[in-house]
Amino acid sequence: MGQLLTRQTQHVGIIIAVAAALAAAAATGACRSEPPPASTAPVATRSGAPAVPRGGTLVASIRTEPRSFNRLVGRDSSTELVSSLTQAKLVRINKMTQEVEPWLAESWTRSPDGLRYTLKLRSGVVFSDGQPLTSADVVFAFDAVYDEKAGSSLADSLQAGGKRLNVVAADPQTVVITFPAPFAAGLRLLDNLPILPRHKLDAALKAGTFANAWGLSTPPSEIVGLGPFVLTEYLPGQHLILNRNPRYFRKAADGTDLPYLDRITIEIIPDQNAETLRLEAGQIDMMTSEIAPEAYAPIKRAADQGRVRLFDLGVALNPDSLWFNLKPGAFGADPRAAWLQRDELRRAVSLAVDRKAFADTVFLGAGVPVYGPITEANRTWYWAGIPQPSADLDGAKQVLATIGLSDRDGDGMLEDGNGRPARFTLLTQKGRPSVERGSNVIRDELKKIGLVVDVVTLDATALIERIGTVNYEAIYFNALMSDTDPALNPDFWFSRGSAHFWNMAQKAPATDWERRIDELMTRQIASLDEAERKRLFDEVQKIFAEYLPAIYFVAPRVYVAASSRVTNLTPAVSRPQLLWSPDTVAVTP
Amino acid sequence: MTRVVGLAVLVVAIVAALGAPVLAPHAGDQSFRGLLNAPPTRPHVRGDDGTWHRPFIYRWTLVNQLEQRYEEDRSARVPLAWLSGGRLVQSADEGRAPLLLVGADSYGRDVFSRMLFGARISLGLALVAALGATLIGSAVGGMAGYVGGATDDLLMRASDFLIVLPAMYVVLALRAVLPLVLAPSTVFLLLSVIFAVVGAPFIARGVRAIVRSERTLDYASAASALGAGHLRLLARHLLPAARGFVAVELTLLVPAFIVAEATLSYVGLGFPDPMASWGTMLHDASNVRAFADFPWLLAPAAAIFLVVLGLNLVLQGPVQAGPNFRTPTVRLKPDTTREHL
Chain A
1 MGQLLTRQTQ HVGIIIAVAA ALAAAAATGA CRSEPPPAST APVATRSGAP
51 AVPRGGTLVA SIRTEPRSFN RLVGRDSSTE LVSSLTQAKL VRINKMTQEV
101 EPWLAESWTR SPDGLRYTLK LRSGVVFSDG QPLTSADVVF AFDAVYDEKA
151 GSSLADSLQA GGKRLNVVAA DPQTVVITFP APFAAGLRLL DNLPILPRHK
201 LDAALKAGTF ANAWGLSTPP SEIVGLGPFV LTEYLPGQHL ILNRNPRYFR
251 KAADGTDLPY LDRITIEIIP DQNAETLRLE AGQIDMMTSE IAPEAYAPIK
301 RAADQGRVRL FDLGVALNPD SLWFNLKPGA FGADPRAAWL QRDELRRAVS
351 LAVDRKAFAD TVFLGAGVPV YGPITEANRT WYWAGIPQPS ADLDGAKQVL
401 ATIGLSDRDG DGMLEDGNGR PARFTLLTQK GRPSVERGSN VIRDELKKIG
451 LVVDVVTLDA TALIERIGTV NYEAIYFNAL MSDTDPALNP DFWFSRGSAH
501 FWNMAQKAPA TDWERRIDEL MTRQIASLDE AERKRLFDEV QKIFAEYLPA
551 IYFVAPRVYV AASSRVTNLT PAVSRPQLLW SPDTVAVTP
Chain B
1 MTRVVGLAVL VVAIVAALGA PVLAPHAGDQ SFRGLLNAPP TRPHVRGDDG
51 TWHRPFIYRW TLVNQLEQRY EEDRSARVPL AWLSGGRLVQ SADEGRAPLL
101 LVGADSYGRD VFSRMLFGAR ISLGLALVAA LGATLIGSAV GGMAGYVGGA
151 TDDLLMRASD FLIVLPAMYV VLALRAVLPL VLAPSTVFLL LSVIFAVVGA
201 PFIARGVRAI VRSERTLDYA SAASALGAGH LRLLARHLLP AARGFVAVEL
251 TLLVPAFIVA EATLSYVGLG FPDPMASWGT MLHDASNVRA FADFPWLLAP
301 AAAIFLVVLG LNLVLQGPVQ AGPNFRTPTV RLKPDTTREH L
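Those protein sequences? They're chains A and B, same order as listed.
For the first sequence, this note's numbering begins at 1 and goes up steadily by one.
For the second sequence, this note's numbering begins at 1 and goes up steadily by one.
Structure, rendered in structure tokens:
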């Protein structure tokens, strides 16, 4: 689901990617059964490779406190991280291959019509307190996420075509999931849902207090899960300590138990400078977020000295974007509405901004120009044919002249037909250097074509409140799509969507091009023909690039770093880049 | 002598601020995109071959963009151009080799030029606000100390209230009800008023104590006996006794206001980028890497230090040696004040 969130504080972060194998099967419409997953095959344990070291403590850092230990309630990145360490899901998206992997469900079959999946749970799996996992726990997890009182932030992401899935326990080891309509992404959306212990939380759900269950004041011993680690200590503002779950269900390739680590300590370090310094000094082993461009140099020096390992993970999935308020009537009697909501303005802005200069200034050159929301990091859905016009100041001015904006008094700046200056306010998030600097570059670039931009920085809460109340002129922000498959981001693409930021929750499409995108996306989500889905989504991107409801400039390269004592890492471009597979991470003594 | 030095420092600062459009090699918001965080370009008069030349600089070339490492291109000298383009001095090749006397900031803007333009805002705001705080504080403190009784209690409790008020939260609340975009002149006025009101209680309390104590002395009684009115007695005889105290407070308030402007800029109430002020420039430098790798970004801190030093030297001269200075310290004992009233 598209989410209006920041990378630092509210990242939903459940990135589900496209599975080519599943897609191929979907295209044929055939029933199939996944082979039993057996066990992991960490690189270091393959024949001839040195054994992966066992034991030890990994020290990671996060910037913000988790808001809850209940992933169904807390949607911030810290809550998600703790959940990924302590809980498990039915299937997992491998962030390296972007393929679906069996996890708690060891195999499944699909009905010929593609609507019903029968999942077989792995046998012998127990929660960290020793209670066995059964299909009742799976049904309970769906009940909890769909519960109105719980108000789970994950509920939208577990729907197909705007409707809920029907989940039934056929027997203690079998779950039948029925989709309300053909849904191309299939079981991929199950990566969103951690399976929670019914025996621990059922009472809260029945009492209507599930939203408050597993809050931060809950004793760690009450937090039970199927993940590789168990929460053992939480000191607000300081750290979380997670010990190895001795009952974890996965085995290494050599048949030995996972996880390799004995313990993970997560330090809470709000300041990025402090975080970087501690990594350089060896006081933490890794950060759970990307390295900011300005922190690259000291980390590189530490890497050159062999103290840390630096990973270049390629282009980011979710670039920042600028959008104007396109809600009809949003500006009331303000005469600027005559040009602020015009397509030509957005085209001129896109033409005026020199994306190379943008990348150099904001990301110190470590970024690539982008012209739409899907970057080349999304290998399956990126449309290479997207128009990529070069910066053209004269062309931008000509476009603006067609909507009545020209320099009428010879001062070099544009005015409308009544002589009022062409000026608007751009809101952005305070404290995020990439969007603050990006906004300033946009301001400087647009000044060259005579547009005056007043950049105003607001804290994330105030900014989101303004978006929610449609009280803004333009915004430069990170509209994060939590999944690489467009079928799982309907609220961004559909005009009715709550993450259709420029004009949210429309009762009927306000423009013809939005109506056209709605139609294409409806077909795209329902189609089981992967090639057809790609063709349809290319068409969507083409329309998006033509009308530019959100303007994208540069996608940064993603760099992460870990202490040189951390081994068996499999870094991926989406968060948490280094800890998405925590059970196979190891440290040398 | 120290006073002369202090005066010289202040004169230089004021001349730099007033003459910024001529003295600064570049406009305050001019960016050199290929020179983000570039080090200072040092003027030379002697080439690598030992020959002497008119002042020149070497061009910085970017070695590693992501690591922001630069090297001097010593293959060609770039002479300085004097009195060209309405500027005192510039590089003869501004496009490729701009003159960056104190280096560039993270947007590639000349730190030296921004310091000169920033001095206009920072010094102007701090001095106006300090003057306002002095006027308000002296008036309130003088009246409280002179009148005493309920007036004294009322004014001092009001001062105490202002002092204990969580200023940042008040400012945030104030910001919430103001328009998102404010004109620079409005910002200047707003900050001046806020600083003056916030700074006044500190002066008021000291002035009140001094006036209250001085009022009981013989010279005040004599002036009163000779027919001096309340206003004359207060303004001509009692308040001058607080001059030393006010001078010291001024030296504390001016730098405090400069830094406070930076803080308020951060919460959105200060001057927006790209307008330069010493405070906003320091805010840009508020990270560890600036200390380690780009120390020239801290140049505004040095400027603040020099201005404060100059103020101290100028103002403390008369404090220590002036004929009219009365040291207030022995008269500030709390247990001796109430009875004398």
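Even glycine gets a Cβ: it sits at the ideal position worked out from N, Cα and C.
Counting C-beta neighbours from all protein chains within 10 Å, is the total for residue i 16 or more, i.e. buried, or is it exposed?
i, result
"V453/A", "buried"
"M143/B", "buried"
"R636/A", "The question about residue 636/A has no answer here: the residues shown for chain A are numbered 1 through 589."
"W82/B", "exposed"
"V573/A", "buried"
"L579/A", "buried"
"Y169/B", "exposed"
"L166/B", "The sequence shown places Pro at residue 166/B, rather than the Leu named in the question. It counts as exposed."
"Q68/B", "buried"
"T79/A", "buried"
"A17/B", "buried"
May I ask which residues mark the beginning and end of the beta strand (DSSP E) holding residue i?
i, result
"R54/B", "W52 to N64"
"Y70/B", "R69 to S84"
"H239/A", "H239 to R244"
"H283/B", "Looking at the DSSP string, H283/B is not in any beta strand (DSSP E); the run it does join, the alpha helix (DSSP H), is W278 to D284."
Could you pull the start and end residues of the alpha helix (DSSP H) that residue i belongs to?
i, result
"V171/B", "A167 to V177"
"L536/A", "E530 to Y547"
"H199/A", "R198 to A207"
"Q272/A", "Q272 to E280"
"Y296/A", "Y296 to D304"
"Q429/A", "No alpha helix (DSSP H) contains Q429/A, which is instead part of the beta strand (DSSP E) from R423 to Q429."
"N440/A", "P433 to K447"
"D454/A", "Note, D454/A: premise wrong, no alpha helix (DSSP H); beta strand (DSSP E) at V452 to L458."
I think residue i touches residue j, with their Cβ atoms under 8 angstroms apart; what is that distance to the nearest whole Å?
i, j, result
"A474/A", "W323/A", "7 angstroms"
"I93/A", "L81/A", "Wrong, their Cβ atoms sit about 16 angstroms apart, outside the cutoff."
"V246/B", "I203/B", "6 angstroms"
"D105/B", "L297/B", "6 angstroms"
"G206/B", "A242/B", "7 angstroms"
"A133/B", "L253/B", "6 angstroms"
"T588/A", "T567/A", "6 angstroms"
"V308/A", "A561/A", "5 angstroms"
Let me see if you follow: with CB-CB separation under 8 angstroms, is residue i close to chain A or not?
i, result
"P272/B", "yes"
"E261/B", "no"
"R33/B", "yes"
"V181/B", "yes"
"V288/B", "yes"
"L191/B", "no"
"D293/B", "yes"
Can you pull the DSSP bridge partners for residue i?
i, result
"L310/A", "A561/A"
"D171/A", "T174/A"
"Q90/B", "A81/B"
"L340/A", "Note: L340/A sits in no beta bridge, so no partner."
"W323/A", "I475/A and A550/A"
"A31/B", "Here the sequence assigns Ser to residue 31/B, which means Ala is not the residue at that position. Per DSSP, R109/B."
"V59/A", "T265/A"
So, is the C-beta of residue i closer than 8 angstroms to a C-beta in chain B?
i, result
"K149/A", "no"
"D392/A", "no"
"K300/A", "yes"
"P421/A", "no"
"V455/A", "yes"
"T522/A", "no"
"P293/A", "yes"
"Y476/A", "no"
"V366/A", "Contrary to the premise, residue 366/A reads as Ala rather than Val in this sequence. Closer than 8 angstroms: yes."
"A333/A", "no"
"D444/A", "yes"
"L578/A", "no"
Using a Cβ-Cβ distance cut-off of 8 angstroms, determine whether residue i contacts chain D.
i, result
"Q30/B", "Chain labels in this structure do not include chain D; the protein chains are A and B."
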